[in-house]
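Inspection log for the structure reproduced underneath, given as structure tokens.
Numbering (my numbering), first residue to last: 9 to 310.
See the structure below:
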């Protein structure tokens, strides 16, 4: 047996064994036990929409008052904060009157994309924490939601009117992809070629992959699969020989880990929202009860 197999993952072993021994209606394993939970933000406020800094030494997130209520479906905050995972220090990158939702850090770590409420709906904006500047990239009618940088940082995709729009950072042009299903939430595929999305086909919600290079929409779930806030990643480098790409998503109050190759899911966090993968693909950050927490998904066995 090769060294890479001997250095397989504790979590992956449980995950695979559970799948091999379980057949359910939607290929869902009831639960998988994780190695441990780390609470990195707990200050009595609502801390939401975490995003990893590319070097993984910090988490960026939106901070809202403890009593803030959802507006058009989402809690809005007035501060952008960053917690250093090494020193536990907290830095306020912005605090003002802007009502903000969602948060995604650029792959180079120098920009943050968010949604800013303009009084009637939400616009996608880019915030530069060093220069303290804002850029509104589009002012389409209706809400613009879930802005996310492409893995190479050259494009910014967001949801508008159940379609996915793309802002190209070099040409500064925005184009809209009119899918054959109504997109409800999405994330970039780890290889950068299009997206994974939960879409409604007129009958039921399913998981799809849209391949940008082929202008092709593929149903990944053979039957209905309802979820939100997906986030996808390649496996960590030490597990590439035994794992393929995975997606985590919200389903009710829980977070489920979905094997894109096997089309199977397992509950890995009983209660949590807004999951985000670390850049190494071995940990997730998420929000629970106003806290920001980190879970190790894959653990290398020496």
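Glycine residues also receive a C-beta, built at the ideal position from the N, C-alpha and C atoms.
TODO: Alpha carbon to alpha carbon, how far is residue 164 from residue 155? Give it in angstroms, no decimals.
DONE: Sequence index remark: in the chain shown, residue 155 carries index 147 (1-based). Sequence index remark: in the chain shown, residue 164 carries index 156 (1-based). Cα to Cα, the separation comes out at about 7 Å.
Task: For residue 306, the three-state DSSP class (helix, strand or coil) - done: The count along the chain shown starts at 1 and reaches residue 306 at position 298. DSSP places residue 306 in the coil class of the three-state scheme, outside both helix and strand.
Task: According to DSSP, residues forming a beta bridge with residue 110 - done: Within the chain shown, the letter at position 102 stands for residue 110. None, per the DSSP bridge assignment.
Task: Inter-residue CB distance, residue 277 and residue 262 (contact presumed, cutoff 8 Å) - done: As a first step, residue 277 must be located in the chain shown, where it is residue number 269. As a first step, residue 262 must be located in the chain shown, where it is residue number 254. By a beta-carbon distance limit of 8 Å, residue 277 contacts residue 262. Their separation comes to about 6 Å.
Task: Reference residue 274, options 308, 242 and 235, closest by Cα - done: Here residue 274 is taken as the residue at index 266 of the chain shown, counted from 1. Of 308, 242 and 235, the residue nearest in Cα terms is 235.
TODO: Below 6 Å CB to CB, which residues in the same chain sit around residue 59 once its five sequence neighbours on both sides are set aside?
DONE: Working through the chain shown from its first residue, we reach residue 59 at position 51. Answer for residue 59: 68, 111, 112, 113 and 284, listed in chain order.
TODO: Take residue 45 and list the residues in its own chain whose beta-carbon comes closer than 8 Å to its own, dropping the five residues that flank it on each side.
DONE: On the chain shown, residue 45 is found 37 positions in, with the first residue counted as 1. Once the five neighbours on either side are set aside, the close Cβ partners of residue 45 are 301, 302 and 303.
Open item on the list: Can you check which of these residues, 227, 220 and 258, is closest to residue 208 by C-alpha distance?
Closed with: Taking the chain shown and counting its residues from 1, the one referred to as residue 208 is at position 200. Its Cα nearest to that of residue 208, the residue 227 stands out among 227, 220 and 258.
Open item on the list: My assumption, with CB atoms under 8 Å, is that residue 50 sits in contact with residue 272. Please give the rounded CB distance.
Closed with: Start at 1 with the first residue of the chain shown, and residue 50 comes out as number 42. Start at 1 with the first residue of the chain shown, and residue 272 comes out as number 264. Taking 8 Å as the upper bound for CB-CB distance, residue 50 and residue 272 are not in contact here, some 33 Å apart.
Open item on the list: I'd like to know whether the C-beta atoms of residue 108 and residue 70 end up nearer to each other than 9 Å.
Closed with: Here residue 108 refers to the residue found at position 100 of the chain shown. Here residue 70 refers to the residue found at position 62 of the chain shown. Taking C-beta atoms as the reference points, residue 108 and residue 70 count as a pair closer than 9 Å.
Task: Euclidean distance between Cα positions of residue 255 and residue 241 - done: If you number the chain shown from 1, residue 255 lands on position 247. If you number the chain shown from 1, residue 241 lands on position 233. Taking the straight line joining both Cα atoms gives about 6 Å.
- [ ] State the CB to CB distance for the pair residue 289 and residue 244, rounded to an integer number of angstroms; the pair is presumed to be in contact (CB under 8 Å).
- [x] Indexing the chain shown from 1 puts residue 289 at position 281. Indexing the chain shown from 1 puts residue 244 at position 236. Going by Cβ atoms, the distance from residue 289 to residue 244 rounds to 5 Å, so yes, they are a contact pair.
Open item on the list: For residue 205, which residues in the same chain have their Cβ closer than 6 Å to its Cβ, ignoring the five residues on either side in sequence?
Closed with: For the purposes of this step, residue 205 is taken as the residue at position 197 of the chain shown. In the same chain as residue 205, and ignoring 5 residues on each side of it, the C-beta atoms closer than 6 Å to its own belong to 191, 194 and 216, in chain order.
TODO: To the nearest angstrom, report how far apart residue 138 and residue 210 are at their CA atoms.
DONE: Mapped onto the chain shown, residue 138 falls at position 130. Mapped onto the chain shown, residue 210 falls at position 202. Per the coordinates, the alpha-carbon of residue 138 lies some 45 Å from the alpha-carbon of residue 210.
Open item on the list: If I measure Cβ to Cβ from residue 85 and keep anything under 6 Å in the same chain, skipping five residues before and after, which residues do I get?
Closed with: In the chain shown, residue 85 corresponds to position 77, counting from 1. Taken in chain order, the residues that qualify are 70, 71, 72 and 108.
Task: Simplified DSSP assignment, three categories, for residue 97 - done: For the purposes of this step, residue 97 is identified with residue 89 of the chain shown, where counting begins at 1. The answer is coil: DSSP assigns residue 97 none of H, G, I, E or B.
Open item on the list: If I follow the unbroken beta strand (DSSP E) through residue 46, where does it start and stop?
Closed with: Walking along the chain shown from the start, residue 46 turns up at place 38. Run containing residue 46: 45-49, per the beta strand (DSSP E) assignment.
Task: Span of the beta strand (DSSP E), counted from its first residue to its last, around residue 54 - done: Here residue 54 is taken as the residue at index 46 of the chain shown, counted from 1. Residues 54-60.
Task: Three-state class that DSSP yields for residue 258 in the structure shown - done: In the chain shown, counting from the first residue as 1, residue 258 sits at position 250. Of the three classes helix, strand and coil, the one that applies to residue 258 here is strand, per DSSP.
Open item on the list: By alpha-carbon positions, which one of 145, 130, 174 and 134 ends up nearest to residue 153?
Closed with: Residue 153 sits at position 145 when you count from the first residue of the chain shown. Of the candidates 145, 130, 174 and 134, 130 places its Cα closest to the Cα of residue 153.
Task: Same chain only: Cβ atoms within 7 Å of residue 220, ignoring 5 sequence neighbours per side - done: Counting from one through the chain shown, the residue named residue 220 turns up at place 212. The beta carbon of residue 220 lies closer than 7 Å to those of 201 and 202 in the same chain, with the five residues before and after it left out.
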